[in-house]
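Report on the structure given below.
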Amino acid sequence: MIERIRAFFIERDGRAESGSGRHDVNERHLAAAALLVEAASLDRDFDAAERARIARFATERLGLDDDEAALLLDAAETVVGEATQLYRFVRGVMEHFDYEERVELVETLWEVVYSDGDLDDFEAQMMRRIGGLLHIEDRDRGEARKRALSRLGR
Numbered sequence: 003m004i005e006r007i008r009a010f011f012i013e014r015d016g017r018a019e020s021g022s023g024r025h026d027v028n029e030r031h032l033a034a035a036a037l038l039v040e041a042a043s044l045d046r047d048f049d050a051a052e053r054a055r056i057a058r059f060a061t062e063r064l065g066l067d068d069d070e071a072a073l074l075l076d077a078a079e080t081v082v083g084e085a086t087q088l089y090r091f092v093r094g095v096m097e098h099f100d101y102e103e104r105v106e107l108v109e110t111l112w113e114v115v116y117s118d119g120d121l122d123d124f125e126a127q128m129m130r131r132i133g134g135l136l137h138i139e140d141r142d143r144g145e146a147r148k149r150a151l152s153r154l155g156r
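So this is what it looks like as structure tokens:
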């Protein structure tokens, strides 16, 4: 199934040509969505609100339509289920996202972990770890958190 999903994204957007400077959309989308799914799954309750936040990220920030967003979410869940380390996804994000895009991703991660109304200890620890691994400055992490909470009405 994962190969079918990957093929879909390659056919839709193509892979970056060597040296072209374009993102490899397949890996870029999958890396971001996998981090979001990982964050949503930490409290062992991947609920509808978290799924909706991730789908919204895929449509609004990655430019996918609703069907593509659903397919990406399925792919991310599959990849996360097969993965043994978070670092694989972090590496993909570091390779394909510039600093501002990484800050936006961290902001969406905050939205996902807070979307069920509670931040548990595992989610808080993961957010600290991911922020550091993505080389996001503390000030930018804090601002991203504030924006996410504001958008959630908190």
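Residues in the sequence shown are numbered consecutively from 3, following my numbering.
In this text, a Cβ means the ideal position worked out from N, Cα and C, and glycines have one as well.
All values derive from a computational prediction rather than experimental measurement.
Please state if the CB of residue j and the CB of residue i are separated by a distance shorter than 8 Å.
{"i": "residue 115", "j": "residue 146", "result": "no"}
{"i": "residue 41", "j": "residue 139", "result": "no"}
{"i": "residue 75", "j": "residue 57", "result": "yes"}
{"i": "residue 108", "j": "residue 36", "result": "no"}
{"i": "residue 64", "j": "residue 117", "result": "no"}
{"i": "residue 69", "j": "residue 61", "result": "no"}
{"i": "residue 92", "j": "residue 135", "result": "yes"}
{"i": "residue 133", "j": "residue 33", "result": "no"}
{"i": "residue 98", "j": "residue 30", "result": "yes"}
By DSSP, does residue i sit in helix, in strand, or in coil?
{"i": "residue 117", "result": "coil"}
{"i": "residue 132", "result": "helix"}
Rounded to whole angstroms, how far is the Cβ of residue i from the Cβ of residue j, which I believe are closer than 8 Å?
{"i": "residue 59", "j": "residue 73", "result": "Between residue 73 and residue 59 the Cβ distance is about 14 Å, and since that is not below 8 Å, they are no contact."}
{"i": "residue 112", "j": "residue 150", "result": "4 Å"}
State the Cα-Cα distance for the pair residue i and residue j, rounded to the nearest angstrom.
{"i": "residue 48", "j": "residue 84", "result": "16 Å"}
{"i": "residue 148", "j": "residue 46", "result": "25 Å"}
{"i": "residue 78", "j": "residue 123", "result": "23 Å"}
- Message: Runs of 3 residues minimum, wholly inside the segment 18 to 93: which ones carry the beta strand (DSSP E) assignment?
- Response: none
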